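J.:
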Amino acid sequence: MGKDVIVACDFASAGAYTTFLDRFAGETRRPFVKIGMELFYAAGPDIIRITKERGHKIFLDLKLHDIPNTVEKSMAVLSRLGVDMCNLHAAGAIPMMEGALRGLSSGGGPRPILLAVTQLTSTSQEVMERDLHIHEPIEEVVCSYAKNAQTAGLDGVVCSPLEAGMVKARCGSGFLTVTPGVRFADGDKGDQSRVTTPERAKEIGSDYIVVGRPITAAEDPVAAYKRCVAEFCD
Ligand code: C5P
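Going left to right, the sequence shown walks through residues 1 to 234 as this note's numbering numbers them.
1. Could you check how far apart the C-beta atoms of I58 and V83 are, in whole angstroms? I think they sit under 8 Å.
2. In angstroms with no decimal places, state the Cα-to-Cα distance between G181 and E38.
3. Using the Cα positions of M128 and I134, report the straight-line distance between them to the nearest angstrom.
4. Relative to the C-alpha of V210, which residue among T179, K202, K168 and A224 is closest?
5. Using a Cβ-Cβ cutoff of less than 7 Å, which residues in the same chain neighbour I94 once the five nearest sequence positions on both sides are dropped?
6. Is DSSP giving F184 helix, strand or coil here?
7. With DSSP as the reference, please indicate the residues paired to K34 in a beta bridge.
8. Quick one: give me the first and last residue of the beta strand (DSSP E) that G44 is part of.
9. Can you tell me which of the three DSSP states A116 falls into?
10. Compare the C-alpha of T118 against each of R30, E139 and M85 and name the closest.
11. Mind checking E163: buried by the 16 CB within 10 Å criterion, or exposed?
12. How is the beta strand (DSSP E) around C86 delimited, first residue to last?
13. Let me make sure I understand the geometry here. Which of A223, T18, E53 and A169 has the alpha-carbon closest to that of G205?
14. Does the stretch 190-198 come within contact of the stretch 218-226, defined as at least 3 CB pairs closer than 8 Å?
15. With H, G and I counted as helix, E and B as strand and the rest as coil, what does DSSP make of L162?
16. If contacts are defined as beta-carbon pairs under 8 Å, then L115 and V141 qualify, I think. What distance do you get, rounded to the angstrom?
17. Taking the C-alpha atoms as reference points, what is the distance between T196 and V229?
18. Take D188 as the anchor and find which of D61, R213 and M166 has the nearest alpha-carbon.
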């Protein structure tokens with residue numbers, strides 16, 4: 001599977017989103033886009049059809065987490081949208097992840113890649129111990145959750161690029177790592193604390209990087225996207 005840059009399209013409305021996509025209309029390489037809760041809840045499932053019609057691949061980032069039966073049925077609904085990638089929380093445990101996979105496989109078309117979020121990168125060791133009552137080192141929790149996802153049959157995890165190497169060591173090189181928290185060496189970090197550059201993410205072994213504001217808030221988003229592709233994919 002080739003490495004790719006996924007653009008996190010965290011826009012509040014369909015209008016702002018399609019204005020952004022319009023910039024890529026004349027390009028031969030249409031970015032793989034990530035649609036998260038904000039845009040999906042604001043614009044509804046039709047946003048997926050609009051995006052597909054424009055020739056973009058889609059990572060639908062809704063991070064499901066519920067009882068196995070509910071997640072299985074919800075994934076069956078999502079499977080009919082025709083997205084390329086979607087995800088859930090590994091904290092839902094193996095039966096929930098197995099149910100998700102069954103639901104996602106029921107759509108008739110090719111099954112989307114299914115990823116697990118291990119621990120959110122916003123969760124620190126301190127918060128994990130204090131609020132979640134988990135007392136293992138966070139790296140161990142991330143790798144154990146990744147192993148659970150692999151046992152359930154999932155394709156990979158969303159994790160920090162700084163954790164991608166450890167996940168590959170535990171789960172094998174074919175287990176996908178999709179990593180947000182990417183910034184250009186000369187760029188603004190914003191609210192992300194543990195960041196790395198596209199080049200470094202490639203060295204560590206990420207399969208896909210998820211890049212939002214360094215592209216969406218750039219003066220020239222197409223140039224910023226191309227720079228990401230050059231640093232990460234080429
Ligand atoms: O703008 P920025 O590059 O920080 O966007 C990163 C994207 O990746 C956002 O959509 C954010 O919600 C998502 N993400 C993240 N860290 C995680 C999981 C998802 O930054 N652990």
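For each residue, glycine too, the CB sits at the ideal point set by N, CA and C.
Owing to the predicted nature of the structure, the values given are computational and were not obtained by experimental measurement.
T.: Quick look at the numbers:
1. For the purposes of this step, residue 58 is taken as residue 58 along the sequence shown, with counting starting at 1. For the purposes of this step, residue 83 is taken as residue 83 along the sequence shown, with counting starting at 1. Under the criterion of beta carbons closer than 8 Å, I58 and V83 qualify as touching, at roughly 4 Å.
2. Taking the sequence shown and counting its residues from 1, one reaches residue 181 at position 181. Taking the sequence shown and counting its residues from 1, one reaches residue 38 at position 38. Distance between the alpha carbons of G181 and E38 is about 19 Å.
3. Within the sequence shown, the letter at position 128 stands for residue 128. Within the sequence shown, the letter at position 134 stands for residue 134. Going by C-alpha positions, M128 is about 6 Å away from I134.
4. Position 210 of the sequence shown, counted from the first residue, corresponds to residue 210. Comparing Cα positions, the closest option is T179.
5. Position 94 of the sequence shown, counting from 1, holds the residue named residue 94. Within its own chain, the residues whose Cβ lies closer than 7 Å to the Cβ of I94, once the five positions on either side in sequence are excluded, are N148, T151 and A152, listed in chain order.
6. Within the sequence shown, residue 184 is the residue found at index 184, counting from 1. Coil, per DSSP.
7. Position 34 of the sequence shown, counting from 1, holds the residue named residue 34. Assignment of beta-bridge partners to K34 by DSSP yields A8 and F59.
8. In the sequence shown, residue 44 corresponds to position 44, counting from 1. Here G44 belongs to no beta strand (DSSP E), and DSSP marks it neither H nor E.
9. Residue numbering aside, residue 116 sits at position 116 when the sequence shown is read from its first letter. A116 falls in the strand class under three-state DSSP.
10. As a working note, residue 118 is residue 118 in the sequence shown. When each option's Cα is compared against that of T118, the closest is E139.
11. Counted from its first residue, the sequence shown places residue 163 at position 163. Taking all protein chains in view, the Cβ of E163 is crowded by 16 or more other Cβ atoms within 10 Å, so the residue is classified as buried.
12. Numbered from 1 along the sequence shown, position 86 holds the residue referred to as residue 86. Looking at the DSSP string, the run of the beta strand (DSSP E) that includes C86 is M85 to H89.
13. Counting from 1 along the sequence shown, the entry for residue 205 is found at position 205. Nearest of A223, T18, E53 and A169 to G205, Cα basis: A169.
14. Contact between the stretch 190-198 and the stretch 218-226 is absent, because fewer than three Cβ pairs lie under 8 Å.
15. The residue you call residue 162 lines up with position 162 of the sequence shown. Three-state DSSP puts L162 in a helix.
16. To locate residue 115, count along the sequence shown from 1; it is residue 115. To locate residue 141, count along the sequence shown from 1; it is residue 141. Incorrect: roughly 17 Å between the Cβ atoms, too far for contact.
17. Here residue 196 corresponds to residue number 196 of the sequence shown, with the count starting at 1. Here residue 229 corresponds to residue number 229 of the sequence shown, with the count starting at 1. In this model, T196 and V229 are separated by some 15 Å (Cα to Cα).
18. As a working note, residue 188 is residue 188 in the sequence shown. Relative to the Cα of D188, the nearest Cα in the group D61, R213 and M166 belongs to R213.
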